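In the working numbering, the protein residues as written are 4 to 590.
These notes are about the structure you will find just below.
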């Protein structure tokens, strides 16, 4: 199983599961809301386009109604008797009747002009008499001025007013009415004008309460726009308007992107003026309430997720962490660390459980110490008993060799042999001290090997031990059983030279002492049986000494130490002492 966190058993701990549940709960909600939001936005866009199109239709109708009223007033003026009399008067005549007639006509023109909401001017001009009467006193009306007449539609031009030159819409009614069709000279011309300022004021009123920017536009003319609109955006909009109205030249609603910003565009044609009323609204402002609601939803979702994570973290701190601590403590108990104490956390339901575990661990450690001490004493007694068993058997063989050398009168060999033998027994019989240095242990091994070499000249041995290892302390008589095992079981049945190599080196967390031989070795199945007997603490006739060494290593250095048994590169057997003083890895 994988480990998550600090020793949590399983693929996911409680904290991870709670966070995943929160995320999986919010994902479909967010998905459904986002889908619903897109649908709502599309519906709102269509409704806004339709509603705004209806608004500008109504605006254009109002504008056309007022323009048509002005145009119909021209017919009323043309049929007035005082206006008709102007055809028969000359500008050179300044009699009282003419002046009275002109004054009366001007009063009628003023009355007509003031009856309209828009600021306007009416002018009556007779080409026959050259007489002109107008409510605009700043414009010079003569034959040259009326050379450019517009009867079929409203013309947009600059005229003179009391405030100076201003842009205005102008239209002329000529009598007889068929004058334009038959291309005859008119008897009477009635001019109707209204300033573009009237339209600007209407557009300003239209803008109130809306995020749109309306303006009037006709190709070839400067747009008519109220104050407060963005002239650069209007210029960009008019540049694209030909492509916008390509599908429907009279009116329509479209969604376009202008300067990387989406806009809703509505346009309607004025039948009276021939101009387009265009209104474009930035989408970000139109959809601001929806976007605000969307932001609030995501903020609430994040807040909910944060609260969920905080709840999961609180659960993790007060439930998962104590469980993890208990799991780690149980694992340490299994590894032999019986004195481990769990740090006490917050005072909750786990406090009592942790406190009782610490008491149990302390009691187990006390019992282990007592049992370990008793086992150590038993092992020491077993060691002394083993030494007592080994020494007499070894001594009998040595006496037989001394007897043979005496019979052959080999005094020097007897002296050298007895020196090695005495030094060997002086070391092995010193049972009061159980620890020794590696240097002293190697002196014992050299004496032991020399005793056997003198009995069998085909025995050779070599040492390859790092010099700084000679000072390390170790239990006595750990290496001698390995040498004895190599000689007794490896040399027997081996023809020719028998060689032993003792290697010592430091390893990660401790050191190793390896004994290699070129003896007969062991079968693989016998080697597996020997390894299993060491782990199960059982022993055969061959493994009594090795099993004793293996158990002494584990008791003294810990469960990660012990014997290494494998085939040697020399052809025989390799047996090693693995002494781990700072790690916990298994052998």
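Glycine included, each C-beta is placed from N, C-alpha and C at the ideal position.
Everything numeric in this text was worked out from a predicted model, so none of it was measured.
Out of the options, point me to the one whose CA is closest to residue i's CA.
i           : options            : result
residue 31  : 158, 470, 304      : 304
residue 484 : 217, 445, 254      : 445
residue 473 : 211, 441, 491, 490 : 441
residue 189 : 204, 399, 150, 533 : 150
residue 191 : 551, 41, 136, 292  : 136
residue 438 : 202, 260, 401, 481 : 481
residue 523 : 570, 464, 365, 228 : 570
residue 580 : 574, 550, 415      : 550
residue 204 : 228, 220, 193      : 228
residue 55  : 41, 99, 127, 281   : 281
residue 493 : 575, 250, 58, 414  : 575
residue 403 : 353, 354, 454      : 454
residue 138 : 164, 548, 232      : 164
residue 426 : 412, 52, 443       : 443
residue 82  : 178, 234, 119      : 178
residue 222 : 272, 292, 451      : 272
residue 167 : 143, 180, 132, 400 : 143
residue 451 : 428, 129, 417, 409 : 428
residue 269 : 284, 278, 262      : 284
residue 498 : 459, 547, 262      : 459
residue 560 : 527, 547, 513      : 513
residue 400 : 457, 449, 357, 372 : 457
residue 486 : 511, 99, 448       : 448
residue 530 : 510, 578, 495      : 578
residue 295 : 44, 552, 19        : 44
residue 207 : 187, 232, 186, 220 : 232
residue 174 : 200, 234, 277, 140 : 277
residue 40  : 245, 88, 292       : 292
What's the call for residue i, buried or exposed, on a 16-neighbour Cβ count within 10 Å?
i           : result
residue 248 : buried
residue 209 : buried
residue 392 : Because residue 392 sits at a pLDDT of 48, beneath the cut-off of 50, its placement in the model cannot be relied upon, and the point is left open.
residue 538 : exposed
residue 583 : buried
residue 66  : buried
residue 218 : buried
residue 299 : exposed
residue 325 : buried
residue 491 : exposed
residue 407 : exposed
residue 310 : exposed
residue 61  : exposed
residue 224 : exposed
residue 79  : exposed
residue 337 : exposed
residue 353 : buried
residue 34  : exposed
residue 71  : exposed
Just to check my reading of the structure: residue i and residue j have Cβ atoms closer than 8 Å, yes? What is that Cβ distance to the nearest angstrom?
i           : j           : result
residue 461 : residue 397 : Going by Cβ atoms, the distance from residue 461 to residue 397 rounds to 20 Å, so no, they are not a contact pair.
residue 520 : residue 477 : Rounded, the Cβ-Cβ distance is 22 Å, inconsistent with contact.
residue 22  : residue 312 : 6 Å
residue 258 : residue 252 : Contact flag wrong, Cβ pair sits at about 19 Å.
residue 489 : residue 518 : 6 Å
residue 25  : residue 308 : 6 Å
residue 267 : residue 48  : 7 Å
residue 90  : residue 118 : 25 Å between Cβ atoms; not a contact.
residue 52  : residue 256 : 4 Å
residue 77  : residue 180 : Going by Cβ atoms, the distance from residue 77 to residue 180 rounds to 11 Å, so no, they are not a contact pair.
residue 262 : residue 242 : About 12 Å separates the two Cβ atoms, so there is no contact after all.
If we cut at 7 Å on Cβ distances, does residue i have a partner in chain C?
i           : result
residue 193 : As a matter of chain content, chain C is missing from the structure shown, which is built from one protein chain.
Is any heavy atom of the ligand GTP found at a distance shorter than 6 Å from the C-beta of residue i?
i           : result
residue 275 : In terms of ligand content, the structure shown is empty, and the ligand GTP therefore cannot be addressed.
Mind listing, in chain order, the continuous alpha helix (DSSP H) runs of no fewer than 4 residues lying wholly within the stretch 437-497?
441-458, 483-488
Taking contact to mean 3 or more Cβ pairs, one atom from each stretch, closer than 8 Å, check whether the stretch 151-158 and the stretch 97-117 are in contact.
no
How about the stretch 556-569 and the stretch 496-509: do they share at least three Cβ pairs that are nearer than 8 Å?
no
If you pair each beta-carbon of the stretch 140-155 with each one of the stretch 109-121, do three or more pairs fall below 8 Å?
no
Flag this pair as touching only if the stretch 351-369 and the stretch 328-336 have three or more C-beta atom pairs under 8 Å; answer yes or no.
yes
Should the stretch 214-229 be regarded as contacting the stretch 283-302, the criterion being three or more beta carbon pairs within less than 8 Å?
yes
Quick check for students: name the residue ranges of the alpha helix (DSSP H) that lie wholly in the stretch 294-347, counting only runs of 4 or more.
324-337
Go through the stretch 500-574 residue by residue and report every complete run of the alpha helix (DSSP H) that reaches 4 residues or more, in order.
527-538, 547-560
So does the stretch 193-201 actually touch the stretch 121-128, counting three or more Cβ pairs closer than 8 Å?
yes
May I ask you to verify whether the stretch 464-472 touches the stretch 420-431, counting CB pairs closer than 8 Å and requiring at least 3?
no
Going residue by residue through the stretch 58-138, where are the continuous beta strand (DSSP E) segments of at least 3 residues, counting only ones entirely within it?
123-129, 134-137
Please go through the stretch 223-298 and give each complete beta strand (DSSP E) segment of 3 or more residues, from N-terminal end onward.
254-261, 264-272, 279-285
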